[in-house]
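According to UniProt numbering, the sequence shown holds residues 1 to 161 in order.
The beta carbon of each residue, even a glycine, is placed where N, CA and C say it ideally should be.
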Amino acid sequence: MSDCDALAAIHNEAWLNAYRGLLNGVELQRLVSRRSPGWWKGALDRGVTIKVIEVADEPAGYATYGPCRLQNLAAEGEIYELYLKPEYQGLGFGRTLFGSVRKELKGRNLEGLAVQVLSENQPARNFYRALGGKLGAKTWYRSAGKRFELSIYVWPETTSG
Numbered sequence: 001m002s003d004c005d006a007l008a009a010i011h012n013e014a015w016l017n018a019y020r021g022l023l024n025g026v027e028l029q030r031l032v033s034r035r036s037p038g039w040w041k042g043a044l045d046r047g048v049t050i051k052v053i054e055v056a057d058e059p060a061g062y063a064t065y066g067p068c069r070l071q072n073l074a075a076e077g078e079i080y081e082l083y084l085k086p087e088y089q090g091l092g093f094g095r096t097l098f099g100s101v102r103k104e105l106k107g108r109n110l111e112g113l114a115v116q117v118l119s120e121n122q123p124a125r126n127f128y129r130a131l132g133g134k135l136g137a138k139t140w141y142r143s144a145g146k147r148f149e150l151s152i153y154v155w156p157e158t159t160s161g
């Protein structure tokens with residue numbers, strides 16, 4: 001399986017697992033279908049920073065990250081996405097991936113970290129709180145005519161976690 005196929009599969013499985021029931025089924029399928037292997041090839045070609053975690057030499061999850069895009073936060077780095085295939089959730093792989101990304105951001109001299117989470121996604125909110133994230137702000141996202149609240153978790157320093 002190519003890297004792009006693997007990233008698309010991880011994204012699709014994680015999104016369907018996380019957002020089924022939170023997003024309209026048709027809208028969810030539309031959003032998932034946008035992240036085809038071709039989309040991932042374009043992302044890689046544009047230089048999007050992606051870290052993949054493997055289990056038994058198979059991609060199990062990924063994170064995308066870089067400079068913080070959010071204003072007025074005590075964070076210079078941001079994890080844009082962190083997803084695992086459902087069968088690897090709750091086993092410590094997300095914590096490992098998160099820690100690896102924090103370390104890399106610190107190595108780039110990006111102090112502090114922010115993550116945006118759909119507020120209705122309680123498992124993700126619990127995950128980031130368990131890693132020491134503090135609710136720093138809330139914002140909104142509009143999709144298919146519906147307004148969704150986003151919770152922004154912050155870690156002012158990247159030295160632990």
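Shortest Cα-Cα distance from G112 to any of N72, G77 and Q89 involves G77. S33 and N12 have their alpha carbons spaced roughly 8 angstroms apart. The criterion of a C-beta distance shorter than 8 angstroms is satisfied by A114 and L73. When the Cα atoms are used, A124 and A14 turn out to be separated by approximately 11 angstroms. In the assembly as shown, V26 is an exposed residue. Its beta-carbon has fewer than 16 other beta-carbons within 10 Å. Under DSSP, P67 takes part in a beta bridge, and its partners are G77. In this structure, DSSP gives E54 an extended state, which the three-state scheme calls strand.
Counting along the chain, E104 sits inside the alpha helix (DSSP H) bounded by residues F93 to G107. Within a 10 Å sphere around the beta-carbon of A56 sit fewer than 16 other beta-carbons, which makes this residue exposed. Around the beta carbon of R147, fewer than 16 other beta carbons lie within 10 angstroms, which makes this residue exposed. Beta-bridge partners assigned by DSSP to W155: L113.
Take L82, set aside five residues on each side of it, and the residues of its chain with a beta-carbon closer than 7 angstroms to its own are A63, G94, L97 and F98, in chain order.
The closest CA to that of D5, considering only N109, W39 and L131, is found on W39.
In this chain, the beta strand (DSSP E) harbouring R142 covers K134 to S143.
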